[in-house]
Amino acid sequence: EPEVTQTPSHQVTQMGQEVILRCVPISNHLYFYWYRQILGQKVEFLVSFYNNEISEKSEIFDDQFSVERPDGSNFTLKIRSTKLEDSAMYFCASSAQDSNQPQHFGDGTRLSIL
Amino acid sequence: QKEVEQDPGPLSVPEGAIVSLNCTYSNSAFQYFMWYRQYSRKGPELLMYTYSSGNKEDGRFTAQVDKSSKYISLFIRDSQPSDSATYLCARVDSSYKLIFGSGTRLLVRP
Chain A
1 EPEVTQTPSH QVTQMGQEVI LRCVPISNHL YFYWYRQILG QKVEFLVSFY
51 NNEISEKSEI FDDQFSVERP DGSNFTLKIR STKLEDSAMY FCASSAQDSN
101 QPQHFGDGTR LSIL
Chain C
115 QKEVEQDPGP LSVPEGAIVS LNCTYSNSAF QYFMWYRQYS RKGPELLMYT
165 YSSGNKEDGR FTAQVDKSSK YISLFIRDSQ PSDSATYLCA RVDSSYKLIF
215 GSGTRLLVRP
C-alpha cells in the first residue's frame, strides 16, 4: 500500500539554526499538509498546499516557516530560525486529487531544539 | 470553545471486549469525520471516514455519527492487544484541514 514517507525520523538542532523537514507524499496525491504535535498535546494544523501554492496556513505558521515542492516528489517544511518551542513531532499528510478525500499521514519527524 | 473533544482515557478493557470511543464536536457547518489510530512514536493511521449520519462498518470497526447530538463514536468488536493505541477523531473543516481531538488512549489487556 502506498505511504507517505518522512525524513529524518529525528532531527536535533541548536536554537537559531535552520532546519528542513522532508516528505515524499503518495505519488498521485495533489494536496499536501503539515501538522505538528507537541508532546502530550493535540495534532494541530500548520499549512496546506495545492498547485504549488499555500492554500491555508494557521497562526502558528509565521514568517519563520516556509514550504516548498522543489520537484515532482518531495514536499519540504523549512523553519528558518528555530526556537525551543518548535520542538515537536511534525507530520506530513497528503490526499488524492479530490481534496474531499481522507488525508494519509507519514510517521513524522521528531524535532528537538536544544 | 474546543471544536472537537475526546475523553483522554486511558480506557482499559480485557481482550475480546467491545470498545466504544466517543467524540463530540461543536461546529456543524461541514460534516465529514475521520478516525485515526496512533501508535507510540508513529503517525496517525487512517481507520475510517464518514460523510453522513448513521453507521459505517469495516471489519471489526464501526463508525457512527449522530448529527443531532453532535456525537461521533467508534466501536471496536473483539478487541485485541494490538488495538492498544491512541484513537484520534477529527473533523474536516470547510477548507479541508483536519481539526483533531486530543485522542483517547486504549489499552486492551491480554
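Protein chains in written order, with my numbering: chain A, 1 to 114; chain C, 115 to 224.
Glycine is no exception: its CB is placed at the ideal position from the N, C-alpha and C atoms.
Check                                                                                            : Outcome
Exposed unless 16 or more other CB atoms sit within 10 angstroms - verdict on P224(C)            : exposed
Closest residue to E18(A) among D86(A), T82(A), A88(A) (Cα-Cα distance)                          : T82(A)
Under the three-state DSSP convention, the category D207(C) falls into                           : coil
Cβ-based contacts, 9 Å cut-off: residues of the region 94 to 114 of chain A near chain C         : S95, S99, N100, Q101, P102, Q103, H104, F105, G106, D107, G108, R110
Cβ distance (whole Å) where V133(C) is taken to contact L125(C) below 8 Å                        : 7 Å
Members of the region 63 to 83 of chain A near chain C, C-beta cut-off 7 Å                       : none
Environment of Q120(C) [buried if 16+ CB atoms lie within 10 Å]                                  : buried
Local Cβ density within 10 Å of T109(A), reported as buried at 16 or more and exposed below that : buried
Identity of the residues DSSP links to S112(A) by a beta bridge                                  : V12(A)
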